[in-house]
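Numbering (the working numbering), first residue to last: 1471 to 1656.
Note that the Cβ used here is the ideal one computed from N, Cα and C, for glycine as well.
Since this is a predicted model, take the numbers as computed values, not measurements.
Written out below as structure tokens is the structure these notes cover.
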Amino acid sequence: MSQPGPNRTPTHVPWWLYALDKTNAIVTSLTAAVVLYTRSAGVAYFAASAVLCSITVKIIKRFVRQPRPEVTIRGKRKKTYGMPSTHSATITYFATYITLACAYLPIHPAFPSSPLTRIIPPLICVPLASTIAVSRIWLGHHTVPQVAAGVTYGLLYTPLMFRLWTHGLNEYGPWVERLVRTYIPI
């Protein structure tokens, strides 16, 4: 297989790269499962903040209007703008927020009360997020500066959302969880 270049399409994409191309569906499904499993207001806030991260990056793209690379994968070229990378911003948000939550928030009762509950998630999420961000370049969806801008956005956005939760919004969490349990019993 020849290396993809401008206006050339690779004939075969390895399964692992194909899986990385579908991370939005995979990560969204896993997040929804954790929200449903924990029924936690904090986890729901985390998920809603991820959606807001994605939306705000898409708004920024409309203003920057920088095109994506010319490379096509499997005969398709993305038609939306590329700067900054939404995938990179959002997955960086995921990894950074999970790391902060493991370091500073109490362990939710739905998870095992163990020191490993604080250690294992960041050890999985940070390398996986890095791989997903870099895969946007490998797949030809973004340039290095577009991915770097996305990662930077995620790194700047996350502490703001984490601070909002830990400095006030978390006080509404138990009330929201009781409300959910009232209307959707276990």
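Give every residue of the same chain whose Cβ lies closer than 7 Å to the Cβ of residue i, excluding the five residues on either side of it in the sequence, and list them in chain order.
i	result
Asn1477	Because Asn1477 carries a pLDDT of 44, less than 50, the predicted location of this residue cannot be relied on, and no value is offered for it.
Pro1582	none
Arg1606	Ser1555, His1557, Ser1558, His1612 and Val1617
Pro1592	Ile1568, Thr1569 and Cys1572
Ile1602	Leu1490, Thr1493, His1557 and Ile1561
Drop a sphere of 10 angstroms on the beta-carbon of residue i, count the other beta-carbons inside from all chains shown, and report buried for 16 or more, exposed for fewer.
i	result
Ser1499	exposed
Thr1569	buried
Tyr1561	A quick correction: the sequence has Ile, not Tyr, at residue 1561. By the 10 Å Cβ count, Ile1561 comes out buried.
Tyr1455	There is no way to answer for residue 1455, as the model of the chain reaches only from 1471 to 1656.
Tyr1488	exposed
Arg1538	buried
Ile1529	exposed
Ala1503	exposed
Ala1599	buried
Excluding the 5 residues preceding and the 5 following residue i in the sequence, name in chain order all residues of the same chain whose CB lies nearer than 6 Å to its CB.
i	result
Ser1519	Met1631
Gly1620	Pro1554, Ser1555, Ser1558 and Ala1559
Gly1624	Ala1559, Thr1562 and Tyr1563
So for residue i, helix, strand or coil by DSSP?
i	result
Ile1577	coil
Glu1540	coil
Lys1492	coil
Gly1620	helix
Met1553	coil
Thr1508	helix
Leu1625	helix
Arg1535	coil
Thr1587	helix
Thr1562	helix
Leu1570	helix
Leu1609	coil
Pro1597	helix
Pro1644	helix
Pro1582	coil
Kindly give me the distance between the Cβ atoms of residue i and residue j, rounded to whole angstroms, as I take these residues to be in contact under 8 Å.
i	j	result
His1628	Thr1566	Residue identity check: residue 1628 is Thr in the sequence provided, not His. Right, their Cβ atoms sit about 4 Å apart.
Phe1564	Val1497	7 Å
His1578	Thr1493	Not confirmed; about 24 Å, so no contact.
Ala1580	Ser1524	Contact flag wrong, Cβ pair sits at about 25 Å.
Please list, in chain order, all residues of the same chain as residue i whose beta carbon is under 8 Å from its beta carbon, the five residues on each side excluded.
i	result
Val1604	Val1617
Val1505	Val1513, Ala1514 and Ala1517
Arg1642	The identity of residue 1642 in the sequence shown is Tyr, whereas the question assumes Arg. Hits under 8 Å: Ala1511.
Should residue i be listed as close to the ligand NAD, given that the test is whether its C-beta is under 7 Å from any heavy atom?
i	result
Cys1523	This structure does not include the ligand NAD; it has no bound ligands of any sort.
Contact between the region 1549–1568 and the region 1606–1614 is defined here as three or more beta-carbon pairs at a separation below 8 Å; is this criterion met? Contact between the region 1549–1568 and the region 1606–1614 is present, because at least three Cβ pairs lie under 8 Å.
contact_flag[the region 1586–1597, the region 1505–1517] where n(CB pairs < 8 Å) is 3 or more: No, the region 1586–1597 does not touch the region 1505–1517.
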